[in-house]
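**Student:** Got a structure for you, questions after.
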Amino acid sequence: AIRYRYNKKKKQKFIKQRCFFQRNDVWWTRITFYCKRYVRESNKYYLDSLPTELNYEFNGVKLKFTHGSPNAINEYLFENGTNTKNVMESLDSDILVCAHTHIPSFKKFENKTYINVGSIGKPKIGRPNITYSIIEINEEGKSKVHFRELEYDKHKIIKDCQMLNFPNALIESYKSGAE
243 AIRYRYNKKK KQKFIKQRCF FQRNDVWWTR ITFYCKRYVR ESNKYYLDSL PTELNYEFNG
303 VKLKFTHGSP NAINEYLFEN GTNTKNVMES LDSDILVCAH THIPSFKKFE NKTYINVGSI
363 GKPKIGRPNI TYSIIEINEE GKSKVHFREL EYDKHKIIKD CQMLNFPNAL IESYKSGAE
């Protein structure tokens, strides 16, 4: 796991960042209330102890893992986005692995590779399945990316969301895999 920042002095900011709720509608208000009520202090401190990025080297290839982007935990990097191009130009690694959009994708940027692994929690691919990627790096440092999609027990998540009185729009998004 890669942490979201927790600022003890600004607990409200924690809720907005940790739960990524910035919309001003009933759905987000209710989920924010849920997070405030159920995310324990011990969880907040644990999350704060996690790194914001992970860096590895394998067969001479440098990999950087982050939730959003190297710039911000909640920055969306879409494969054709201008901000993605800018991030890739300044990247100090060969491969960037991120996930914040929940949409699996892959793109080469000259000698660097962008990979969004998708989501094992909240799919946004138009199908209610989880996605992940497998990255192969051979001995010569050449990489290949394989995306996988699996069905999972979405009914348990849907049941929990209904029990906790989460908004119907959120529940429907788990059923359909669409935002």
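If you count by the numbering used here, then the sequence shown holds residues 243 to 421, one letter each, in order. Every residue, glycine too, gets a C-beta built ideally from N, C-alpha and C.
With C-beta atoms as the reference, is Leu392 less than 7 Å away from Asn371?
**Tutor:** yes
**Student:** By the 10 Å Cβ neighbour count, where 16 or more other Cβ atoms means buried, how is Ser405 classified, buried or exposed?
**Tutor:** Here residue 405 turns out to be Met, not Ser, going by the sequence shown. Per the 10 Å Cβ criterion, exposed.
**Student:** Compute the distance between the beta-carbons of Gly419 and Ile367, then report whether it is under 7 Å.
**Tutor:** yes
**Student:** By how many angstroms is the C-alpha of Tyr356 removed from the C-alpha of Lys349?
**Tutor:** 5 Å
**Student:** Where does Phe351 fall in DSSP's three states?
**Tutor:** Phe351 carries a strand assignment under DSSP once its states are collapsed to helix, strand and coil.
**Student:** Taking contact to mean at least 3 C-beta pairs separated by less than 8 Å, is the segment 300-319 in contact with the segment 334-342?
**Tutor:** Touching, per the Cβ criterion.
**Student:** Are the Cβ atoms of Pro409 and Arg272 separated by less than 7 Å?
**Tutor:** yes
**Student:** Ends of the alpha helix (DSSP H) at Thr343?
**Tutor:** Looking at the DSSP string, Thr343 is not in any alpha helix (DSSP H), and its letter there is neither H nor E.
**Student:** Give me whichever residues DSSP pairs with His388 in a beta bridge.
**Tutor:** Ile376
**Student:** What are the residues that DSSP puts in a beta bridge with Glu299?
**Tutor:** Lys304
**Student:** Of the residues Tyr288, His342, Tyr287, which one's Cα is nearest the Cα of Ala314?
**Tutor:** His342
**Student:** Kindly indicate which three-state DSSP category Val359 falls into: helix, strand or coil?
**Tutor:** coil
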